[in-house]
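Each residue of the first sequence is one higher than the one before, counting from 1 in full-length UniProt numbering.
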Amino acid sequence: MQFLPLEQLNIDEKILKILKDRGIEKLNPVQTEAINKGLLKDERLLVTSPTGSGKTLIAELGIISHLLNKGGKAIYITPLRALTSEKFSELKVWEKLGYKVGMTSGDYDTDDAWLKNYDIIISTYEKIDSLWRRNPSWLKEVDYFVLDEFHYLNDPHRGPVVESVAVRIRYKNLLALSATIQNYEEISKWLNATPVTTDWRPVPLKEGVIIPEKKSSYKVIFSNNESINIKGNDAILAYVNYVLQHGGQVLVFRNSRKIAESTARKIASNMGLFKMDKELEKISNEIKEVDDAGTTEKEDLAELVRSGVAYHHAGLSKGLRDIIEKYFIQRKIKVIVATPTLAAGVNLPARSVIVGDIYRFNRQILGFNEEIPIMEYKQMAGRAGRPGFDKEGEAIIVVRNKSEADRVFKKYILSPPEPIESKLGNEASFYTFILGIVSSEGRVTSDEVEDYAMGTLLDKDIVKSYLKKGLNWLRDNEFIAGDDDLVLTKFGKRVADLYINPFTAKTFKDYLTRNEKSCNVAYLHLCAYTPDGPRVSVSRNEMYDLVDLSPCPLFIEEPDDEDEFYNYVSALKVGMIINDWIEEVDEDIILGRYGIGSGDLRSIIDTMDWLTYSGFNISRVLDLKEHAEAFYILNLRVKDGIKEELIDLVKVPGIGRKRARLLFENNIKKPEDIIMNVDKVKSLLGSRLGEKVAKDAARIIAGNA
DNA sequence: TGGCTGCTCATCTAGACAGCATGTC
DNA sequence: CTAGATGAGCAGCCA
């Protein structure tokens, strides 16, 4: 284990100064090792090391030294939007050297052409993949790529994109950063990169299991053979109390939202000691004021937080999650019970991590519960130990008995995580990959496509069979044209640019060409039924009601197959949710009616916004005028959750579904009406907002003219 | 007949990327 | 192989 004092670093003074200003005196062993392997000399590297071991700084040094020596541009790619903005603020300090730092991702988007003004761009894998398909000229100037959280390659859903991006930068400078993986040698060979691997962590990690003993007693056994006895009637409760008594914070992971919530409640009712804390009272009130969440969820959470406990999952609105994360980092909130959201996302460490469940329901293998991958456990355990606060972090797994304890200990604590493998081996992913290649190249021979495909991690024989099938399928369905000289058709190019799954495009095409215009629910159902559509769970009770609820004939016929029927009904539920949304049904009512959280609603709306826009474009490129018209209006309504009559009003910034409705009911129906009745608008919206809205309305009208 | 208790059995289950128009964070 | 919380439904009991 070697620490390298900054003085010994052969690096530009300007860089040193910035590092010193940040309080960095020496580089840690991982960083030192990366430098020894050529980080500052543009060596292609694959760094595998635990969470929180300072990989971001490695990336920063790599990027900056490259820019200083060679100029050009650098792109830093992450798998999550939240990480993209986190890295953006971290990399911002380098603007002191005159470099411009920018970011772009789905929810924080920047015009393609504008990106040429930045030297360092932070983005997501999907966004970069999408950008590549359009191939703006500045992209060729980018010659340094950081691929963060590279182990996402192993994710069945997101992995194919990570792999596609990696394949494209075979001949550029590359720095791949990953959690610890078993087969790093194989992967680095594939990437043509030098491996840098260590187990060094800034805060040592103690892993263990908690086992029930006699009655009201638990034993915790750690990997260093230490063990402690704890009293209590519930393993999680007992351990949480133990940690709190020693002044630590706890992150508890559970495998379902409902269980996370009830565990949080159980812990809260056991936390008399923090009740009536003034700070917590304040946070509780702040939660009640959040404006993007449902009333019930705010009240539930506000009550819990009064005890210093919160739950956290994707059903919660962004606003609620932000508050919880913020006050946990400030150590006001002592315990968070979370689903796996927090395992992979932003940096949110705690002294202790409790992994409540090692099993997880799996829809594919019904009635069968699978054990979570070791990699996932390591991600959760990796959150243990706060640098600067805790001397050591601890992660414990809850088990049921002694024999399970032995097995779990061996598997999760003593074994390395699974090897990571290509996830391109399925039709949808592979065909998408080919489509992307043809799109960015503009015109390619099938040999060149094969050359790209052979560069993937996929087994060569599998590549060959998929390639043949894929090219035929894409040709048969009119995405590409030409036998040897391949180009995208107009339809194919549109699909590539919209970034929809080719099977989504085919679904649109098939049903739209075959059917006449129908009602909104039919269009929404079609969007939701595509492979890109949002999936919602449907209970047995809902299932049959939903079928009767549909207000008009749908484009898709009711399937006989049980699984397909479920997808059909799930899509119908999405259709009904969005239909309520665009009929201006109150948000609280929607959440209650369909049993979803405000975070779920938000994500369904976002996806359906994208898909209705895609439906519009697909209809247009196929020259289906009636469908295009219907999708166009529908898309505008889905964006803001409004009836058609409010479309003009919401064009004014600051006016959403609620304000637009208020104005409309008071006979202000167009931006022009706002300007004509500024006093009325001010009395309805308050004078400051009214003033601003009037100004923006004037600008919009001027823009239209 | 009405209401409560306790048991059995069926039911249910994580997460999050993308377009475009905005302004350019 | 490798789950567990929840809630509806119902039998049984008592007043």
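Beta carbons are placed, not taken as given, at the ideal position from N, Cα and C, and that holds for glycine.
query = Which residues mark the beginning and the end of the beta strand (DSSP E) in which Asp227 is found?
reply = According to the sequence provided, residue 227 is Ser. The question's Asp does not apply to it. Its beta strand (DSSP E) spans residues 227-231.
request  = Select from Asp623, Lys658, Thr513 the residue whose C-alpha is nearest the C-alpha of Val585.
outcome  = Lys658
ask   = Using the rule of at least 16 other Cβ atoms within 10 Å of the residue's Cβ for burial, across every protein chain shown, is Asn241 buried or exposed?
value = buried
query = From what residue to what residue does the beta strand (DSSP E) around Glu394 run?
reply = 393-398
key: Inside the region 153-202 only - beta strand (DSSP E) runs reaching at least 3 residues   = 173-178, 194-197
inquiry  = Cutting at 8 Å between CB atoms, please list the residues of its own chain near Val681, excluding the five before and the five after it.
reply    = Leu663, Ile668, Ile674, Gly690, Val693, Ala694
key: Unbroken beta strand (DSSP E) run spanning Asn369, endpoints   = 369-371
query = Can you give the beta carbon distance from Cys527 to Pro551, rounded, assuming they're within the 8 Å contact cut?
reply = Going by Cβ atoms, the distance from Cys527 to Pro551 rounds to 16 Å, so no, they are not a contact pair.
ask   = Taking the alpha carbon of Ser403 as the point to measure from, which residue in Leu40, Glu213, Phe555 has its own alpha carbon closest?
value = Glu213
message = Rounded to whole angstroms, what is the Cα-Cα separation between Val243 and Asn28?
response = So the alpha carbons of these two residues sit roughly 29 Å apart.
task = Please go through the same chain and pick out, in chain order, the residues whose beta-carbon is closer than 8 Å to the beta-carbon of Leu139, but skip the five residues on each side of it.
result = Leu131, Trp132
inquiry  = One question on the structure: do Val165 and Ala74 come within less than 8 Å of each other, judged by their Cβ atoms?
reply    = no
task = Note down, in chain order, each residue of its chain lying with its Cβ closer than 6 Å to the Cβ of Ser49, except the 5 sequence neighbours on either side.
result = Val30, Thr198
query = Helix, strand or coil for Ile283 per DSSP?
reply = helix
Identity of the residue in Met276, Asn677, Leu301 nearest Ser317 by Cα = Leu301
task = Decide if the region 143-156 is in contact with the region 177-188; the criterion is three or more beta carbon pairs, one per stretch, under 8 Å apart.
result = Judged by Cβ distances under 8 Å, the region 143-156 makes contact with the region 177-188, as three or more pairs qualify.
key: Nearest-angstrom Cα separation, counted from Gly315 out to Arg257   = Those two C-alpha atoms are separated by around 8 Å.
query = In three-state terms, what does DSSP make of Asp143?
reply = In the displayed model, Asp143 falls within a strand according to three-state DSSP.
ask   = Quick one: Cα of Arg265 to Cα of Leu304, how far?
value = 7 Å
request  = Look at the Cβ atom of Ile236, then the Cβ atom of Val220, and state whether they are nearer than 8 Å.
outcome  = No. Outside cutoff.
request  = Kindly indicate the opening and closing residues of the beta strand (DSSP E) around Lys219.
outcome  = DSSP places Lys219 in the uninterrupted beta strand (DSSP E) bounded by 217-222.
request  = Leaving out five residues on either side along the sequence, give the residues of the same chain with a beta carbon under 7 Å from the beta carbon of Ile15.
outcome  = Ile64
message = For Ala113, count the other beta carbons within 10 Å of its own beta carbon; 16 or more makes it buried, fewer makes it exposed. Which is it?
response = With fewer than 16 other Cβ atoms from the protein chains shown falling within 10 Å of its own Cβ, Ala113 counts as exposed.
query = How far does the alpha helix (DSSP H) with Gly102 in it reach, from first residue to last?
reply = Gly102 -> not in any alpha helix (DSSP H); beta strand (DSSP E) instead, spanning 101-104.
inquiry  = Let's see if you can read the secondary structure: which residues bound the beta strand (DSSP E) around Glu450?
reply    = No beta strand (DSSP E) contains Glu450, which is instead part of the alpha helix (DSSP H) from 446-454.
inquiry  = If distances are taken between C-alpha atoms only, which option among Ala453, Gly442, Asp588 comes closest to Ile480?
reply    = Gly442
key: First and last residue of the uninterrupted beta strand (DSSP E) at Phe361   = 359-361
task = Helix, strand or coil for Gly208, going by three-state DSSP, please let me know.
result = strand
task = Would you identify the three-state DSSP class for Asp485, choosing helix, strand or coil?
result = strand
inquiry  = Whole angstroms are fine: how far does the CA of Ser105 sit from the CA of Gly533?
reply    = 20 Å
ask   = From what residue to what residue does the beta strand (DSSP E) around Tyr311 run?
value = 309-312
key: Within 8 Å, strictly: CB atoms of Ser446 and Asn135   = At the C-beta level, Ser446 and Asn135 stay beyond 8 Å of one another.
task = Evaluate contact between the region 533-546 and the region 616-631, counting only Cβ atoms and requiring at least three cross-stretch pairs below 8 Å.
result = The region 533-546, when compared against the region 616-631, does not touch it at the 8 Å Cβ threshold.
ask   = Exposed or buried, what is Ile187 when buried is set at 16 or more other beta-carbons lying within 10 Å of its beta-carbon?
value = buried
ask   = Would you say Leu177 and Ala193 are within 8 Å of each other, going by their C-beta atoms?
value = no
request  = Could you give the DSSP three-state label for Thr110: helix, strand or coil?
outcome  = Of the three classes helix, strand and coil, the one that applies to Thr110 here is coil, per DSSP.
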